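Let me begin by presenting the structure, written as structure tokens, before commenting on it.
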Amino acid sequence: MENIHLYTIDDIKRTYESIQNHVRTKRIILNYSQNTGDIREVALEGLDLSRVRNVLDMGCGYGFFTESLKGLLKEETHIVGMDVIDHKNRESFLTTVTNMGYKGDFIAENANRIKTMEDSSFDLVIASYSLYFFPHLIGEIARILAEDGIFIAVTHTESSLKEAIQIIPVCMEGLGMMPPDEILISKLFKAFSMENGKARLDPYFGEIEKIVFENSLTFPLENVDDCIEYLDKKKHLLFKDILDNYPDKMDALILSFNSSIHESAQRGKEIALTKDDVVFRCYKPRDLKTVNGFRKRRLFCCYCGNPLTQSQIEGKLRDNCLHCHAVFYENPLPVASCIVVNEAREILLVKRKKEPYSGMWCLPIGFAETGEEIRDAALRELSEETGLNGTITRLIDVDTIDNYFYGSMAIITYEAAITGGALRPGDDACDGGYFPLSNLPPLAWSSNRKALDIYIELNRDTWAMVDSFKQLFPDIDTMKSFAPRAEEQKKFLSNILMKMIGRDMEEISRNWAEDVQSVAPHLTPYLETLSNMNRNVLKGVQSWLQGQSQAINLDVFMETGTTLSNLDVPLADVLNAMALSRKSIWTHVVKKRILSSPLEIYATLELNNRIIFLYDKINYYLTAGYFKK
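Each residue of the sequence shown is one higher than the one before, starting from 1333 at the first, in our numbering.
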């Protein structure tokens, strides 16, 4: 299965493809668990599955959880396994189901496949240690469950394996790498965990049981190599930050990491890894087509007043009028959201006082009103919910979600800078405050988390440069004294950068294309169109640095946006490719050693702000091209 924001399908395959590794990992857990129970038995204990006829196991692997259903289901039960990894999983899963006396099928696709499945088509859905890869599909899981169906989710605590995970950034720093604010596997565990699982499930199920399975894996000193083997089988999840950003240092990091595990075991004569898990048993799936018990469906035609019917039109079930032939389309509601960050790089959040998600935190967010620009809606919501006034600085993300309360929504998230006001909660917010990026509470909207991840990635390089400069010049007055000289240096750097882009455009473009293929391999079929777009961007940067902004044909980017939209390339992927384009320029600057002094680093920060402004304009025209379609 996949988490589209953290791990690629290749990452998942490298971790879970080998059945032998699964079996060995299972044996290690069995040998060193302090809790001798079987979490599968805990998950199924006391359940009456006699009425179950159709089962779906999401992220089934070779059939680890499915095999525990033996003897609990009727003979005619049909069990479907779904996993992004085919390989030997299909054969093993189907053999397991057959040996249990049931009928089976295997679907080798990612979890999004359930979006095409019929409503109420399964009596039991299972997601055993997989839901954190696709928490955005919880609503879809509720939809495909029968009215009396059961959803079983088994997952970790957010502190799972913390004893090993906390070693990783220390090892990175020791080898000259810059660790992220939060290791990716920690983000994965937080995507759906013991701590936030019930809050994520509540909107979609009327009744939820939470069963905690406390456990740890304790390895005596003489068996510490088994601990290292256990962790090594998860290396593509544990060390993804290094594999993505410092692949040439991967071997050195593993040596350092393993050495640290040994040292920890030596000190305590053993090493214990947190392995607390939880089972969520969910009942009474909510009908996503209803709000507060009322069905969201038109009954009469607004044009002629006759009763409406539903028919398959253009591949979807739509309300339509047989009398005047009007067809009614369901369109997403426009929602605007703001990311505001203070000088300490803390994120402004508000606590919701109304349903849905009352009591949970989120970015300032709300619906755009008729006749209101989306940007203005974002600033209005910011003012109403926080008492702060602001100005939009750039577009961060466009996302669409289906919500049980509101239905389909298109959420547009901007970055905003505060221009005045005082922080005081109002409107739909009962509280507000700034939170460090490394310690955000569970967020009400998955789109907020996605936008924040994109925002962090967009700013990672700039923040690193700022931090480097602050270490060189911790005295703020000293920094200010550089400012006049930096203006002259900025002009000098503009000329260097302009010439470098003209001279090395093909090399920069090749490196950018490699980055795009690495981060988003599914964009490979569209690489030629994207590469032409990137070359136009680089030429635009040249003109921009020369002060010839009028020479930039922004309509070309609108046309490119329309072309990519017609090719069904997701807008979010195009905007991410644009972020990589800007990054490729500065990566090339570092590679060519153009920056050689603290003064040049300071000037670069100023110059980068100008380039960001240009990229934001281009992103605007690309986005406009999408909506032009």
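Just so you know, even glycine gets a beta-carbon here, dropped at the ideal spot from N, CA and C. Small disclaimer: the values here were computed from a predicted structure and weren't measured.
Out of the options, point me to the one whose CA is closest to residue i's CA.
| i | options | result |
| --- | --- | --- |
| Leu1829 | Gln1874, Lys1686 and Asn1547 | Gln1874 |
| Arg1445 | Ile1645, Val1416 and Ile1586 | Val1416 |
| Lys1782 | Ser1591, Lys1406 and Ile1733 | Ile1733 |
| Ser1643 | Cys1634, Gly1637, Cys1636 and Tyr1661 | Tyr1661 |
| Tyr1394 | Ile1884, Val1457 and Asn1353 | Asn1353 |
| Ser1548 | Tyr1364, Lys1447 and Leu1775 | Tyr1364 |
| Ala1761 | Trp1795, Leu1681, Leu1790 and Arg1726 | Leu1681 |
| Ala1845 | Ile1833, Tyr1858 and Gly1834 | Tyr1858 |
| Ala1904 | Val1730, Cys1694 and Arg1726 | Val1730 |
| Phe1959 | Leu1775, Met1910 and Phe1889 | Phe1889 |
| Asp1534 | Tyr1689, Ile1728, Gly1879 and Phe1945 | Tyr1689 |
| Lys1923 | Asn1843, Ile1950 and Ile1728 | Asn1843 |
| Leu1605 | Ile1540, Val1672 and Glu1490 | Glu1490 |
| Thr1751 | Ala1443, Lys1406, Ile1724 and Arg1684 | Ile1724 |
| Val1610 | Lys1530, Leu1569, Ile1679 and Cys1656 | Lys1530 |
| Ala1658 | Pro1664, Arg1630 and Ile1679 | Arg1630 |
| Ile1884 | Met1865, Asp1900 and Pro1902 | Met1865 |
| Leu1695 | Phe1767, Arg1726 and Asn1577 | Phe1767 |
Which residues does DSSP pair with residue i in a beta bridge?
| i | result |
| --- | --- |
| Asn1652 | Thr1641 and Val1659 |
| Lys1683 | Trp1693 and Asp1763 |
| Tyr1348 | Partner(s): none; Tyr1348 has no beta bridge. |
| Ala1485 | Ala1459 and Phe1612 |
| Ser1365 | Leu1549 |
| Ser1322 | The first residue shown for the chain is 1333 and the last is 1961, placing residue 1322 beyond what the model contains. |
| Glu1678 | Pro1768 |
| Pro1617 | Phe1537 |
| Gly1752 | Asn1721 |
May I ask you to report which of helix, strand or coil DSSP gives residue i?
| i | result |
| --- | --- |
| Phe1959 | helix |
| Ala1815 | Residue placement at Ala1815 cannot be trusted, given a pLDDT of 37 that sits under 50; what the coordinates show is reported in the next sentence. In this structure, Ala1815 counts as helix in the three-state DSSP scheme. |
| Asp1437 | strand |
| Asn1335 | For Asn1335, the predicted structure reports a pLDDT of 41, less than 50, and the residue's modelled location is therefore unreliable. A value from the coordinates is still provided. Three-state result, Asn1335: strand. |
| Ser1462 | coil |
| Cys1762 | strand |
| Phe1283 | No answer is possible for residue 1283: it lies beyond the span of the chain, which begins at 1333 and ends at 1961. |
| Ile1950 | helix |
| Tyr1562 | helix |
| Glu1646 | coil |
| Ala1474 | helix |
| Gly1834 | helix |
| Asp1455 | strand |
| Phe1571 | coil |
| Pro1773 | coil |
| Thr1357 | helix |
| Pro1757 | coil |
| Asp1799 | helix |
| Asp1847 | helix |
| Arg1942 | helix |
| Asp1370 | coil |
| Glu1479 | strand |
| Pro1853 | helix |
| Tyr1787 | helix |
| Thr1448 | helix |
| Asp1343 | helix |
| Asp1809 | Bear in mind that a pLDDT of 40 at Asp1809, under 50, signals an unreliable position, so the model cannot answer this. |
| Glu1839 | helix |
>> With a threshold of 8 Å, are at least 3 pairs of Cβ atoms found where one atom belongs to the stretch 1578 to 1590 and the other to the stretch 1519 to 1538?
In response: no
>> Quick test of the definition: if touching needs 3 or more C-beta pairs under 8 Å, does the stretch 1561 to 1574 touch the stretch 1351 to 1366?
In response: yes
> What runs of the beta strand (DSSP E), each 3 residues or longer, lie entirely inside the stretch 1489 to 1551?
Replying inline: 1537 to 1545
>> Taking contact to mean 3 or more Cβ pairs, one atom from each stretch, closer than 8 Å, check whether the stretch 1692 to 1703 and the stretch 1430 to 1448 are in contact.
In response: no
>> Using a Cβ distance threshold of 8 Å, determine whether the stretch 1410 to 1425 contacts the stretch 1371 to 1391, with at least three qualifying pairs required.
In response: yes
>> Runs of 3 residues minimum, wholly inside the stretch 1690 to 1744: which ones carry the beta strand (DSSP E) assignment?
In response: 1697 to 1699 and 1720 to 1735
>> Going residue by residue through the stretch 1380 to 1443, where are the continuous alpha helix (DSSP H) segments of at least 4 residues, counting only ones entirely within it?
In response: 1421 to 1431
> Taking one C-beta from the stretch 1508 to 1520 and one from the stretch 1537 to 1544 each time, how about it: are there three or more such pairs within less than 8 Å?
Replying inline: no
> Where are the alpha helix (DSSP H) runs, 4 residues long or more, that stay fully inside the stretch 1584 to 1615, in chain order?
Replying inline: none
>> I want to know whether the stretch 1478 to 1488 touches the stretch 1447 to 1461 - three or more CB-CB distances under 8 Å.
In response: yes
> So, do the stretch 1744 to 1754 and the stretch 1655 to 1675 have three or more beta carbon pairs nearer to each other than 8 Å?
Replying inline: yes
> Do the stretch 1783 to 1792 and the stretch 1707 to 1720 make contact, defined as three or more Cβ pairs closer than 8 Å?
Replying inline: no
>> Extract the residue ranges of the alpha helix (DSSP H) inside the stretch 1858 to 1925, only unbroken runs of 4 or more that lie entirely within it.
In response: 1859 to 1877, 1887 to 1898 and 1903 to 1923
> Should the stretch 1634 to 1653 be called in touch with the stretch 1488 to 1505, which here means at least 3 C-beta pairs below 8 Å?
Replying inline: no
> So, do the stretch 1487 to 1498 and the stretch 1418 to 1428 have three or more beta carbon pairs nearer to each other than 8 Å?
Replying inline: no
> If we count Cβ pairs, one from each stretch, closer than 8 Å, do we get three or more for the stretch 1369 to 1380 versus the stretch 1336 to 1346?
Replying inline: no
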